[in-house]
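Student: For the protein sequence lines, the chains are A and B, in the order given. Using the working numbering, the letters of the first sequence correspond one by one to residues -5 to 188. Using the working numbering, the letters of the second sequence correspond one by one to residues -5 to 188.
There are 2 protein chains.
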Amino acid sequence: MAEDDAGSRDRLVIGAADMISRRGLNATSVRELAKHAKAPLGSTYHYFPGGKQQVATEAVQFAGDLVARTLIAELRAGPVAGLRAFLKLWRDTVVRSGFRAGCPVLAVSVEEPHVGETAPLQAADNVFKQWESLLARSLRDYGATRKDADQVATLIVAAVEGTVAVCRAARSIEPFDRVAIQLERAIAAALGAK
Amino acid sequence: MAEDDAGSRDRLVIGAADMISRRGLNATSVRELAKHAKAPLGSTYHYFPGGKQQVATEAVQFAGDLVARTLIAELRAGPVAGLRAFLKLWRDTVVRSGFRAGCPVLAVSVEEPHVGETAPLQAADNVFKQWESLLARSLRDYGATRKDADQVATLIVAAVEGTVAVCRAARSIEPFDRVAIQLERAIAAALGAK
């Protein structure tokens, strides 16, 4: 694929991730995606012959990979550093968008899929599991038992996703600050209980 | 209002809460709501002259009140009993619907509102704050400091909402079990640190 092609295709995926995180999957159309990314509608179907399901699936994977790369880099300094980086990513997204954007993975997870259109939901499941797995491995590396590591990793992913929604409803970042302190305590307890 | 009227009106609100929790707010229409509740379209606009925004706002309040009543009743036996009842409500909703339904308050919170249509989102904010307030008061009554009580209450609401989404994506209830144990630990830590 030529560099320009890759650029246009990527812009569509990135635009889809943003749009889905703002308004949900059902309310996102290929037509609006093309408009949002300033791309011709024909080129959108050229890049994504599978239509909306394909773009949405790639958008979820794109968001998943972006977060996973940050987690991998920051977890080198330990689980608390990883948690802080994870929180910062979502906090920045919510604040910069004026509490209008959130997480496309969460958005896809709260909409029941139509028959034969489960690819985005399956991608969301994979993303959540990848984030949990990265956090759990780091917790184990720092001394948590497997059980505690798995539980705290799931708590972190679920709580941060939920906090994004609570903050959007409140149009306030305060819930993030509260949850951050409690999640650091959960990590400390899991590491201390080794 | 006659009893029959109240019944039809309530059915529409309950149907809206279910529909929004499955497919989101943007993808829910008054026409489909009427169909879902087996009510004539005209009667829907008769009961809800404000249209979809009004039904959605009342649906969020209905879900909020339902959960709040359970919390008020179960928190009499302490914060852990309240947490367990809160978890059970959502677990039952997710399992009984085959992982297709979730929380209408969460659904409304992850969709950016159109101009002048913020009433459902404001209702969602009020509901989250009410649940947090009930949990925080119980935690304080059982010895937590105000700060810890507020933090743990927000963690519980955010984590449970996030877990509903994670479970729907995974089509598995396991994340609920993990998060439940960690939230009980957070309560124990907050009560022990008095």
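C-beta: ideal position from N, C-alpha, C; glycine also. These numbers were taken from a predicted model, which means no experiment stands behind them.
#1: Taking the beta carbon of D59 (chain B) as the centre, do at least 16 other beta carbons fall within 10 Å, making it buried, or is it exposed?
#2: Mind listing the chain A neighbours of S132 (chain B)? Cutoff is C-beta to C-beta under 9 Å, in chain order.
#3: Let me check understanding here. Comparing Cα to Cα, which of B:G110, B:P107, B:K123, B:V89 lies closest to R16 (chain B)?
#4: Could you check the C-alpha separation between G9 (chain A) and L128 (chain A) for me, to the nearest Å?
#5: Does L81 (chain B) have its Cβ less than 9 Å from a Cβ in chain A?
#6: Could you compute how far the alpha carbon of G276 (chain A) sits from the alpha carbon of Q124 (chain B)?
#7: Could you name the residues of the segment 95 to 106 of chain B whose beta carbon sits closer than 7 Å to any beta carbon of chain A, in the order they occur along the chain?
#8: Quick one, which residues of the segment 44 to 72 of chain A are near chain B if we go by CB-CB under 9 Å, in chain order?
#9: Is there a Cβ from chain A that is less than 9 Å from the Cβ of D119 (chain B)?
#10: At a Cβ cut of 7 Å, what residues of the segment 156 to 168 of chain A count as close to chain B, listed as they run along the chain?
#11: Straight-line CA distance for L149 (chain A) to A153 (chain B)?
#12: Touch check for the segment 69 to 89 of chain B and the segment 128 to 141 of chain B: three-plus C-beta pairs under 8 Å?
#13: From which residue to which residue does the alpha helix (DSSP H) around H40 (chain A) run?
#14: Quick one: does D144 (chain B) have its CB under 9 Å from some CB of chain A?
#15: Between the alpha carbons of V109 (chain A) and Q47 (chain A), how many angstroms are there, rounded?
#16: When you compare each of B:R165, B:E106, B:S91, B:T139 to M13 (chain B) by their alpha carbons, which one comes out closest?
#17: Taking only the alpha-carbon atoms, compute the straight-line gap between A147 (chain B) and Q176 (chain A) and give it to the nearest angstrom.
#18: Quick check on DSSP: helix, strand or coil for L60 (chain B)?
#19: Beta-carbon within less than 7 Å of V158 (chain B)'s beta-carbon, same chain only, minus the 5 sequence neighbours each way: which residues are those?
#20: Closer than 7 Å by beta-carbon distance: list the chain B residues that pair up with A153 (chain A), in chain order.
#21: Which value, in whole angstroms, describes the spacing of the CA atoms of R165 (chain B) and F56 (chain B)?
#22: Who are the near neighbours of D144 (chain B) in its chain, counting only those whose CB is closer than 8 Å to its CB and skipping five residues on each side?
#23: Measure how close the beta-carbons of G18 (chain B) and N20 (chain A) come, nearest whole angstrom, since I'm counting them as under 8 Å.
#24: Please return the same chain residues whose Cβ sits closer than 7 Å to the Cβ of F122 (chain B), not counting the five positions on each side in sequence.
#25: Would you decide whether D135 (chain A) is buried or exposed? Buried here means 16 or more other CB atoms lie within 10 Å of its CB.
#26: For V160 (chain B) and S103 (chain A), which I take to be in contact (beta-carbon distance under 8 Å), what is that distance rounded to the nearest angstrom?
#27: Round the Cβ separation of L65 (chain B) and A31 (chain B) to the nearest angstrom and send it over; I've been treating them as touching at under 8 Å.
#28: Counting only Cβ-Cβ distances shorter than 7 Å, please list the residues of the segment 0 to 24 of chain B near chain A, keeping chain order.
#29: What separation, rounded to the nearest whole angstrom, lies between the Cα atoms of V49 (chain A) and K141 (chain B)?
#30: Please name the residue in A:A118, A:L81, A:A183 whose C-alpha comes closest to that of E208 (chain A).
#31: Cα-Cα, which of B:E111, B:A117, B:G76, B:L115 is closest to G44 (chain B)?
Tutor: To lay it out plainly:
#1: exposed
#2: Within chain A, no residue comes near S132 (chain B); the closest Cβ sits about 16 Å away, beyond 9 Å.
#3: B:V89
#4: 26 Å
#5: no
#6: For residue 276 (chain A) there is no data in the structure shown, the boundaries of chain A being -5 and 188.
#7: G96, L100, A101, S103, V104, E105, E106
#8: none
#9: yes
#10: G156, T157, A159, V160, R162, A163, A164
#11: 7 Å
#12: yes
#13: 35 to 41
#14: yes
#15: 12 Å
#16: B:S91
#17: 10 Å
#18: helix
#19: W84, V88, G96, C97, L100
#20: L149, A152, A153, G156
#21: 26 Å
#22: E126, A130
#23: 6 Å
#24: V99, V151
#25: exposed
#26: 7 Å
#27: Not really, about 27 Å apart at Cβ, beyond 8 Å.
#28: R16, R17, G18, N20, A21
#29: 43 Å
#30: With chain A covering -5 to 188 only, the question about residue 208 (chain A) has no answer from this structure.
#31: B:E111
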